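*Asks:*
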Amino acid sequence: MTNYWKGGTTGKWFAAANWSKGQIPQNYGWDDVVAGTSDKATVTINAAQASSTNFGTLTVATNATLNVTATSSVSDTTIFSTNQLTVDEGGTMNIATPDAVNLGSNPTVNGTLQISDAPTITINSHSVDGTGILILDGTTLGSTSAQFQMGSSLTTVLQNGSTLYINNASAGGKIVFGRDAVDGTSSQLVFADYNQTVTTPITGYDAASIITIGSGNTAPVSAKFTDNGNGTYTLTVAFDQYGNGITLTDVSFGPNSSPSTPTIVHNTDGTWSVVGGAAGYNGQICYLAGTMILTPKGERAIETLKAGDQVTVYADGTTSTRTILRVGHAHAKTGTTGHADIDAVPVRVCAGALADGIPSRDLLVTPEHCMMLEEGFVPVRMLVNGMSIVYDHAITEYDYYHLETEQHSVLVANGALSESFLDAGHRPDALMQGSPVARLRPLSWEKDAALPLVTDREHVEPLFAAIALRAETLGYTAPQAAPSADVTNEIHLVLTDGTALYPIRTNGEQFVFMLPEGCPSVRIISQAARPADRIGPFVDDRRTLGVLVGEITIWTGERTHRISTHLSDPYADGWWGIEVSHARWTGGNARLDLGQTLKMSGGILSLQILSHGAQAEAKAAA
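What follows is the structure, encoded as C-alpha cells:
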C-alpha cells in the first residue's frame with residue numbers, strides 16, 4: 001500500500017490528516033510513502049519532529065520539497081529513518097540536523113538531496129545512485145572503514161567544510177568543490193592508499209580543497225599538477241618513483257584560483273593530505289604590521305595591542321573608548337593568479353589620499369578591508385586608482401592583524417577611519433588571541449555592523465572619482481586605459497583530444513563550427529576578463545567572464561538538436577551560475593556536453609554569443 005501526501009502546498013509531516021491513509025508514515029512501517037502529489041503540484045513538507053521509527057520506501061516526488069529539521073536532546077539519536085529513499089527529478093530533500101538520519105540502502109537521487117549541519121548519515125550499502133545532485137554542506141559522508149561508491153551519473157558537491165570518503169575509483173559523474181567554509185575548514189576527498197586512477201571530473205578546486213590519502217602502509221612521497229592542455233589538470237600523488245600512486249585525471253580549478261605547488265602533510269590520525277594545490281583569494285580583512293591605532297593614551301602600533309586594552313572609536317560624530325576582546329594575527333603570502341585583490345596583495349593608501357592629512361602616513365591594509373566614507377564602509381579594493389591608492393606588489397609576504405572590540409567599531413588607523421574586525425565567521429578562534437567569545441547567534445554585516453557595507457556602483461563610483469580627481473590635483477599621473485580587445489577572433493572550440501576548431505563562419509551573434517563524428521563534448525574557449533578590471537574597481541563584479549552563450553544548435557543530416565545542458569546544470573564545468581533562463585556566462589574555458597548527439601555522424605554546431613566579457617561594457621545576463 002502507498003501512503004500519499006494530501007496536505008496541500010505546505011504542511012507538517014507529522015499531521016495524520018495530511019496523508020491519504022489518515023496516519024503518518026511511521027505508523028505503517030511496511031508501506032511505501034510518496035512525499036508529493038500525483039499531479040506533480042508544488043508542495044513543501046516539513047518534518048520537524050523526531051521519530052526513530054523506521055518506515056518503508058520514501059519517494060520525494062517531482063516539485064516536492066521535504067525538509068527534515070528535527071533535533072533530539074539525546075546525542076546521536078535517530079530522528080528520521082526509511083528503508084530506501086528516492087528523490088525524483090525535480091524533487092528536493094533537505095536534511096538539516098546534527099542528529100542521526102537513516103536513509104536505508106542505496107538511495108537514488110535524481111533530483112537534489114542536501115545534507116547540512118553534520119548529521120550522522122547511515123546508508124547501509126555505502127553507495128548513492130542517481131542522475132541528480134547530492135550536496136554535502138558541512139557534513140561528512142563515510143569513514144575510513146565505510147567508503148562510498150557514487151553513481152556514475154551523480155554530481156556530488158562538497159561545500160562548507162565537507163568530507164567524502166570514496167571507495168576505489170567509483171567517484172561518480174562529477175565532484176564539485178563548492179562554497180568554502182567561512183571559518184576556514186577545508187572540504188576534502190579521502191581515498192584509500194593504493195594504486196588507483198580516478199577519471200571523474202573534479203571541479204572548483206581551490207586553496208581550501210584537500211585530497212587526503214587514508215592511513216596505511218603506503219606513504220605518498222610527492223604530488224604535482226600536470227596541465228592537460230584543455231583547461232583541466234591531472235593531479236598525481238606518487239607513492240614511489242615507479243609510477244605507483246593515485247591519479248586524478250580531470251581536475252578544474254575554481255574561479256579566481258590557479259595551480260600551485262602542492263605539499264604533503266602527515267596528519268596525527270595517520271592519514272596524509274595534499275594541501276596548497278591552488279593559489280587564490282583567502283578573504284583576510286586586516287591591517288598590516290606597523291599600523292598606528294588611536295587609543296586613549298595616544299597612537300600605538302597594532303602589533304603591540306592585546307585583549308583588554310582600550311582603543312578610541314568613532315561614532316555619530318564623536319569619539320569614545322571600547323575594550324579589545326581579541327586580537328587576530330597571522331602571516332600571509334601573496335598569491336599568483338595575477339589579480340592583486342584575489343592574491344591578497346596589500347593596498348597602500350598614500351598619505352593625504354582621502355583628505356588633507358588623512359591618512360596621516362601611508363596606510364597598508366588587505367584588499368577587503370573597509371574604509372569609512374560618507375557614513376558607510378567601502379572595501380578599499382574598490383578605491384584603487386593606480387595613483388594615491390595602489391596595490392603594493394613589492395610586498396610578497398607580510399604579518400597582518402585585526403582587532404575585535406565589544407561591538408563592531410570605527411577605528412582611527414594612521415588618522416583614517418576604518419573598521420574593526422566583525423566576527424561574521426571569517427576566522428577560526430585559533431587565529432585570535434584572547435578568550436573565545438560565546439554568542440547567542442552568529443554576527444552579520446546586516447545586523448551588527450557599525451555602518452552599512454557599501455559596494456554598489458551607484459554609490460562607490462562617485463567616491464572613486466572624487467579620490468582619483470584629488471590624486472591628480474596632488475600631482476599624481478593617471479594610469480593609461482587598456483585598449484579594447486578584439487574578442488571575436490579568439491572564440492574557438494577544443495575537442496577532448498586537444499584539437500582546436502575555429503568557426504567556419506560567423507554572422508553577427510552566430511558562430512558556426514564543424515564537429516567530427518563521436519564527439520561527446522567540447523570546450524568553448526575565449527578571451528576572458530573581469531568587469532572590475534575592464535570597467536573599474538568600483539564595479540563589484542570580479543567574475544572572469546568569457547562569453548555569454550544563448551541558444552546552441554546542432555544539425556546532423558536532416559535532424560536539428562537543441563542543446564541546453566549549459567542552462568540546466570548548475571555545476572557545469574567552466575560556467576558561472578545560472579542567472580536567467582536563456583543565457584549563461586562562461587569563464588573563458590567551459591565544457592559543453594553533447595551527449596550522444598554526434599555518436600553516429602558529425603554535425604554543424606551553432607553558438608549564439610550574446611556578449612563578451614573582454615569588452616569594457618559587457619551586457620548583463622538578462
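Straight run, no breaks: the sequence shown in UniProt numbering ends on number 622.
Every residue gets a Cβ at the ideal spot worked out from N, C-alpha and C, and that includes glycine.
Fair warning: this is a prediction, and the values are worked out from it, not measured in the lab.
So the candidates are G7, L548 and T553; which of them puts its Cα closest to the Cα of R584?
*Replies:* When each option's Cα is compared against that of R584, the closest is L548.
*Asks:* So, helix, strand or coil for I535, using DSSP?
*Replies:* Note: I535 maps to coil in three-state DSSP.
*Asks:* Please list the segments of the alpha helix (DSSP H) lying wholly inside the segment 106-170, counting only runs of 4 or more residues, in order along the chain.
*Replies:* You should have found no qualifying run.
*Asks:* Residues in the same chain with beta-carbon distance under 6 angstroms from L294, minus the five sequence neighbours each way, listed in chain order, please.
*Replies:* T312 and V412, listed in sequence order.
*Asks:* Buried or exposed for H582, going by 16 or more other Cβ atoms inside 10 Å?
*Replies:* The residue in question, H582, is exposed, as its Cβ has fewer than 16 Cβ neighbours within 10 Å.
*Asks:* If you reduce the DSSP assignment to three classes, tell me which class P259 lands in.
*Replies:* Of the three classes helix, strand and coil, the one that applies to P259 here is strand, per DSSP.
*Asks:* Among G536, V580 and I525, which has the Cα closest to the Cα of A590?
*Replies:* When only C-alpha atoms are compared, the closest one is I525.
*Asks:* Does the Cβ of M371 have 16 or more other Cβ atoms within 10 Å, making it buried, or fewer, making it exposed?
*Replies:* Buried.
*Asks:* Would a check of beta-carbon distances place G138 closer than 8 angstroms to chain B?
*Replies:* As a matter of chain content, chain B is missing from the structure shown, which is built from one protein chain.
*Asks:* Nearest by alpha-carbon distance to G498: which of Y205, N230, E461 and M150 is it?
*Replies:* For G498, the nearest C-alpha among the options comes from N230.
*Asks:* Assess, as a yes-or-no matter, whether the segment 266-278 is touched by the segment 592-608 under the definition of 3 or more beta carbon pairs within less than 8 angstroms.
*Replies:* Output reads no: the segment 266-278 does not touch the segment 592-608.
*Asks:* From this set, L305, I211 and N228, which residue's C-alpha is nearest P220's C-alpha?
*Replies:* The candidate whose alpha carbon is nearest that of P220 is I211.
*Asks:* Measuring straight from C-alpha to C-alpha, what distance separates H329 and P346?
*Replies:* Going by the C-alpha atoms only, they are around 15 angstroms apart.
*Asks:* Report yes or no: do the segment 24-32 and the segment 60-72 share at least 3 C-beta pairs separated by less than 8 angstroms?
*Replies:* The answer is no - the segment 60-72 does not touch the segment 24-32, with fewer than three Cβ pairs under 8 angstroms.
*Asks:* Please work out which residues of its chain come closer than 8 angstroms, Cβ to Cβ, to A430, disregarding the five sequence neighbours upstream and downstream, and give them in chain order.
*Replies:* Residue placement at A430 is poorly supported in this model, since its pLDDT is 35, which falls under 50; the coordinates still yield a value, given next. Hits under 8 angstroms: none found.
*Asks:* Compare the C-alpha of K447 against each of H408, I609 and E472 and name the closest.
*Replies:* The shortest Cα separation from K447 among H408, I609 and E472 belongs to H408.
*Asks:* Taking DSSP as the reference, what is the three-state secondary structure of F448?
*Replies:* The question names Phe, but residue 448 is Asp in the sequence shown. In the structure shown, D448 sits in a helix (DSSP, three-state: H, G or I).
*Asks:* Just verifying my parser: in three-state terms, what is the DSSP assignment at T565?
*Replies:* Helix at T565.
*Asks:* Check L607 in the structure and name its three-state DSSP category.
*Replies:* If DSSP states are grouped into helix, strand and coil, L607 belongs with the strands.
*Asks:* Given that a residue counts as buried once 16 or more other Cβ atoms are within 10 Å of its Cβ, and exposed if not, what is N124?
*Replies:* So N124 counts as exposed.
*Asks:* Would K297 be called buried (16 or more neighbouring beta carbons within 10 Å of its own) or exposed?
*Replies:* Result: exposed.
*Asks:* What's the call for V580, buried or exposed, on a 16-neighbour Cβ count within 10 Å?
*Replies:* Classification of V580: exposed, given that the 10 Å Cβ count is below 16.
*Asks:* Could you give the residue range of the beta strand (DSSP E) that holds H331?
*Replies:* Note, H331: beta strand (DSSP E), T318 to K333.
*Asks:* Do the segment 560-571 and the segment 491-505 meet, that is, are 3 or more Cβ pairs less than 8 angstroms apart?
*Replies:* No: the two stretches stay apart, fewer than three of their Cβ pairs being nearer than 8 angstroms.
*Asks:* If you drop the 5 nearest sequence neighbours on each side, which residues of the same chain put their C-beta closer than 8 angstroms to that of A289?
*Replies:* Contacts found: A301, I302, E303, Y398, D399, Y400 and Y401.
*Asks:* Tell me which residue opens and which closes the alpha helix (DSSP H) that R457 is part of.
*Replies:* Note, R457: alpha helix (DSSP H), R457 to T473.
*Asks:* Pick helix, strand or coil for A17, following the three-state DSSP scheme.
*Replies:* Helix.
*Asks:* Can you give me the C-alpha to C-alpha distance between H339 and G204, rounded to a whole angstrom?
*Replies:* Each residue's Cα considered, the two are about 18 angstroms apart.
*Asks:* Just to confirm, are L605 and G518 a CB contact at a threshold of 8 angstroms?
*Replies:* No, Cβ-Cβ distance for L605 and G518 is not below 8 angstroms.
*Asks:* Sort Q114, W575, Y502 and T78 by Cα distance to N67 and report the nearest one.
*Replies:* When only C-alpha atoms are compared, the closest one is Q114.
*Asks:* Would you mind giving the Cβ-Cβ distance between R322 and E406, rounded to the nearest angstrom? I have them listed as a contact below 8 angstroms.
*Replies:* Confirmed, about 5 angstroms.
*Asks:* Excluding sequence positions up to five away, which residues of its chain have a Cβ less than 6 angstroms from the Cβ of P367?
*Replies:* Closer than 6 angstroms at the Cβ level, and outside the excluded window around P367, lie D341, V347 and R381.
*Asks:* Just to confirm the assignment: which complete beta strand (DSSP E) runs, minimum length 3, are found wholly within the segment 334-382?
*Replies:* The qualifying runs are 347-349, 363-365, 370-373 and 376-379.
*Asks:* To the nearest angstrom, report how far apart A450 and A478 are at their CA atoms.
*Replies:* So the alpha carbons of these two residues sit roughly 34 angstroms apart.
*Asks:* Within 10 Å of its beta-carbon, does S145 have 16 or more other beta-carbons around it, so buried, or fewer, so exposed?
*Replies:* The residue in question, S145, is exposed, as its Cβ has fewer than 16 Cβ neighbours within 10 Å.
*Asks:* Closest to G130 by CA distance: which of A118, D117, Q149 and D533 is it?
*Replies:* Nearest option by C-alpha distance: Q149.
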